[in-house]
Amino acid sequence: MSVEQEQAERTIRCLVAKVGLDGHDRGAHVIARALRDAGFEVIYSGLHRAPEEVVQAAVQEDVDVVGISILSGAHNTLVPKILDGLKEYDAFDDRLILVGGIVPDDDKDELRDLGVDEIFGPGASMEEMIDFIHDNAPER
Amino acid sequence: MSDLVADLLAGKHSALARVITKIENRSPGYREIVSDLHEHTGSADVIGVTGSPGAGKSTLVDKVAAAYRDRGLTVGVIAIDPSSPFSGGAVLGDRVRMASNAGDMDVFFRSMSARGSLGGLSTATTDAVTALDAFGKDKIIVETVGAGQNEVDIVRTADTVAVLVPPGSGDDVQMLKAGILEIGDVFVVNKADLDGADRTVQQLREMLQGRDGRPDTGHHGATDLGGDATALEANGDGEAETWDPPIVETVANRSEGVDAFIDAIADHGDFLDRTGRRERQTRERYASEIRTLLREDANDLLADELARRGGIERYVDDVMERHTDPYTVVDEVLEPLRECVDERNDG
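Residue numbers (this note's numbering), protein chains in the order written: chain A, 2 to 141; chain B, 41 to 387.
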């Protein structure tokens, strides 16, 4: 099997993580399913995860995409903790970091500056997100 | 030795994770990595956990991992979930149950999907266990749904196999007869607080007594049954010890019975050491690993050769037209290989 073939067939792994005190997981479930149907391997974290748990999962599962779902408004506190943890374990550079949920426009630039690759808010389509992952999944 | 291997041996978590990814993807270079790791293995105890969906495998594994951590041991877990044969995608949900070890990096939990297209899941699992062993994990748990030959092969890579049975599932126990019952070293009736648990324990006990025609009296079995394979293999004092699989009742989500389960696993480990069976088991495992790899590599070699000769369709056409037959085709394709081997042996 040639290298090119393997790259094309490489299965993209995504973590779908619910972090913090936020019990709204319908969106995360829908997204996990859509990503599965797009041929990705999805690791779902379950509800109420601490930032350290999200880091643990992202490192150990060696995911290509870390998808963080936050609807509680605590993104400015929780997302930096996750990013710092990923850097601590040398698992930040070759990973796509996505945030989904309710993020006010004013906060978006700040999150991007910290290292978040894209933010998907209400109204974002599945195709949009799946295309973004296909286009931007890290080369390994 | 590559940097990745050095990083793994130095205890870097992200390197371990990346090695397992390469193993799963069969990326270029993964073979060298696994070869380099082999000499650093051999110290971990490998425990297989299997049982029907919803039996409580992930929850029990979570509690067992936490209990090992309390004893100062490090733990690696490989949880295997099915993937869709249509999209190739999968939702790997076993991690949801890993609540007792939140944020504890010394429990390395990895989800793997049964990727249909790549095949060789048991090879990938064996290699992933190698990586965890070389990393220095004391206990490695492989968790998988016990359905089909593939899964049976996977749990066979373990030193000790635990089979979970939920209560009130008379039919499930029936199902377990085919294949799974034979490989269990420890049986666990999980959710033992539910109605019907006693009956399930009873049914299991009855079934296990008939297993393999082993004498159901002997803990330290009287071994004048000359036909017993273990008796023949045993040497020295002439007394072959057989293993009666214990049945442990647990309520995993409340951590009840977890210590008893761990004790049962330890008992089985002692039994393996005492009887020399651990070494025999390991030898068998390596033998079957070598055979599997030989088969896979020979397959690849022949697939390339077929492609060079213009693909299999050409031969199929000839067979369809009755110009030739499958056996002749195989002889033809294998002829150069055979000649080469003969030549080498003569020279």
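For each residue, glycine too, the CB sits at the ideal point set by N, CA and C.
Please read all numbers here as calculations on a predicted model, not as lab measurements.
Neighbour-count burial assignment, R58 (chain B), 16 or more Cβ in a 10 Å radius: So R58 (chain B) counts as buried.
Host alpha helix (DSSP H) of V319 (chain B) (start-end): According to the sequence displayed, residue 319 (chain B) carries Glu and not Val. Per DSSP, E319 (chain B) belongs to the alpha helix (DSSP H) from 317–348.
Beta carbon proximity, S75 (chain B) to chain A, threshold 8 Å: No, no contact with chain A.
Cross-chain neighbours of L132 (chain B) in chain A, by beta carbon under 7 Å: One finds E42, V43, I44 in chain A with Cβ atoms closer than 7 Å to the Cβ of L132 (chain B), taken in chain order.
Which residues DSSP lists as bridging E361 (chain B), in chain order: None; E361 (chain B) has no bridge partner.
Any C-beta of chain A under 8 Å from that of V104 (chain B): Using a Cβ-Cβ cut-off of 8 Å, V104 (chain B) does not count as an interface residue toward chain A, since no Cβ of chain A sits closer than that to its own.
Closer than 8 Å to chain A by CB, T197 (chain B): Among the residues facing chain A, T197 (chain B) is not included, as its CB has no counterpart in that chain under 8 Å away.
Residue-level contact to chain A via CB, V291 (chain B), 8 Å cutoff: Among the CB atoms of chain A, none fall inside 8 Å of the CB of V291 (chain B).
Of the residues B:D235, B:V104, B:A198, B:S92, the one placed nearest R317 (chain B), counting alpha carbons only: Closest by C-alpha distance to R317 (chain B), out of B:D235, B:V104, B:A198, B:S92, is B:A198.
Proximity of S123 (chain B) and A168 (chain B) at Cβ, strictly below 8 Å: Pairing S123 (chain B) with A168 (chain B) gives a Cβ-Cβ distance that is not under 8 Å.
Helix, strand or coil at V104 (chain A) according to DSSP, with G and I counted as helix: Shown here, V104 (chain A) sits in coil according to DSSP, grouped into three states, outside any helix or strand.
Near-chain B residues of the region 54–87 of chain A - C-beta to any C-beta below 7 Å: Residues of the region 54–87 of chain A that bring their beta carbon within less than 7 Å of a beta carbon in chain B comprise E54, Q57, A58, V60, Q61, E62, D63, in sequence order.
Residue burial classification, A306 (chain B) (beta-carbon count within 10 angstroms, cutoff 16): A306 (chain B) comes out exposed.
Of the residues B:E246, B:A174, B:A50, B:R109, the one placed nearest A142 (chain B), counting alpha carbons only: Ranking B:E246, B:A174, B:A50, B:R109 by Cα distance to A142 (chain B) puts B:R109 first.
Best match in B:D144, B:A174, B:V115, B:E324 for proximity to D193 (chain B) [C-alpha to C-alpha]: D193 (chain B) has its Cα closest to that of B:E324, out of B:D144, B:A174, B:V115, B:E324.
Touching by the beta-carbon criterion (3+ pairs, under 8 Å), the region 16–24 of chain A and the region 39–58 of chain A: Because the criterion of three Cβ pairs below 8 Å is met, the region 16–24 of chain A and the region 39–58 of chain A touch.
Within-8 Å CB hit, I60 (chain B) to chain A: So, interface residue.
Integer-rounded CB distance, given that G124 (chain A) should sit under 8 Å from I103 (chain A): Contact flag wrong, Cβ pair sits at about 11 Å.
Assigned exposure category for C394 (chain B) - 16 Cβ within 10 Å defines buried: For residue 394 (chain B) there is no data in the structure shown, the boundaries of chain B being 41 and 387.
For I71 (chain A): DSSP bridge partner residues: Partner(s): A:G102.
At least three beta-carbon pairs within less than 8 Å, the region 127–135 of chain B to the region 38–46 of chain A: Counting Cβ pairs under 8 Å, three or more are found: they touch.
Three-state secondary structure (DSSP) of M152 (chain B): Reduced to three states, the DSSP call for M152 (chain B) is strand.
Chain-ordered residues of the region 24–38 of chain A with a beta carbon less than 8 Å from chain B: Result list: A33, R34, L36, R37, D38.
Endpoints, alpha helix (DSSP H) assigned at R27 (chain A): Unbroken alpha helix (DSSP H) run through R27 (chain A): 27–38.
Short Cβ contact (8 Å threshold) for T170 (chain B) with V74 (chain B): In this structure, T170 (chain B) sits near V74 (chain B), with a CB-CB distance shorter than 8 Å.
C129 (chain A) versus P105 (chain A) - alpha carbon distance: Reading off the sequence shown, one finds Glu at residue 129 (chain A), where the question assumed Cys. Rounded to the nearest angstrom, the two C-alpha atoms are 20 Å apart.
is_contact[A107 (chain B), chain A] using C-beta, thresh 8 Å: Residue contact with chain A for A107 (chain B): absent (no Cβ-Cβ distance below 8 Å to any residue of chain A).
Closer than 8 Å to chain A by CB, S54 (chain B): Interface residue, yes.
Chain A contact for F149 (chain B) (CB, 8 Å cutoff): At least one chain A Cβ lies under 8 Å of F149 (chain B).
Chain A residues whose Cβ lies nearer than 9 Å to that of A142 (chain B): Here the neighbours are R50, A51, E53, E54, Q57.
Chain-ordered residues of the region 91–103 of chain A with a beta carbon less than 8 Å from chain B: Here the close residues are D91, A92.
Assigned secondary structure, A105 (chain B) (DSSP; H/G/I helix, E/B strand, else coil): It is helical.
N137 (chain A), DSSP secondary structure in three states: N137 (chain A) falls in the helix class under three-state DSSP.
Chain A contact residues for S153 (chain B), given Cβ-Cβ distances below 7 Å: Correct list: E42.
Any chain B beta carbon closer than 8 Å to G47 (chain A): Between G47 (chain A) and chain B, the shortest Cβ-Cβ separation is below 8 Å.
Which listed residue (B:E183, B:I118, B:A130) has its alpha carbon closest to that of G96 (chain B): Comparing Cα positions, the closest option is B:E183.
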